[in-house]
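For reference, the structure discussed in these notes is given below.
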Amino acid sequence: MDINQRQMALSLLEALREDLMYARLNNGTRILDVADLRQYIYEQMGRIRTNALLMDGLYGKDNGHWGDLSKGNGHNGNAHPHGRIWRERSS
131 MDINQRQMAL SLLEALREDL MYARLNNGTR ILDVADLRQY IYEQMGRIRT NALLMDGLYG
191 KDNGHWGDLS KGNGHNGNAH PHGRIWRERS S
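Counting from 1, position 18 in the sequence shown corresponds to residue 148 in our numbering; the numbering is continuous, with no gaps.
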C-alpha cells in the first residue's frame, strides 16, 4: 500500500468513525451491531450510486467528470451483487 492509498484509507475510516456517532438507518434506528453496520454501509453505497446516476443525467457522461458506472468499479452492474441483499432484522 503506497502513501496515497494509506492516506485515503485513513481518511475514509476517520469519516466513517465520525459518521457512526450520529448515524441512523433509513428506518430511523441507531446502529447497534455488525448487521446494522452492514445495512448502513449498503444504504450509503446506494445513495452514492443514485447521486452519481443523477449527475450523469444532469451533466451527461462525456463531461470528463463521470464515467460509466458499470465499468471499472469492481462491480458487475447489478444492484445486488451475488444476490446479496442486506435486509433489516425483525425486532
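Note that CB positions come from ideal geometry on N, CA and C, so glycine has one too.
Around the beta-carbon of ILE133, fewer than 16 other beta-carbon atoms lie within 10 Å, marking it exposed.
With fewer than 16 other beta carbons inside 10 angstroms of its own, TYR152 counts as exposed. For the pair ILE161 and LEU146, the CB atoms are not nearer than the 8 Å cut-off. Counting only unbroken stretches of 4 or more residues, the alpha helix (DSSP H) elements lying wholly within the stretch 131-186 are 133-152, in sequence order. Within 10 angstroms of the beta-carbon of ASP166 lie 16 or more other beta-carbons, which makes it buried.
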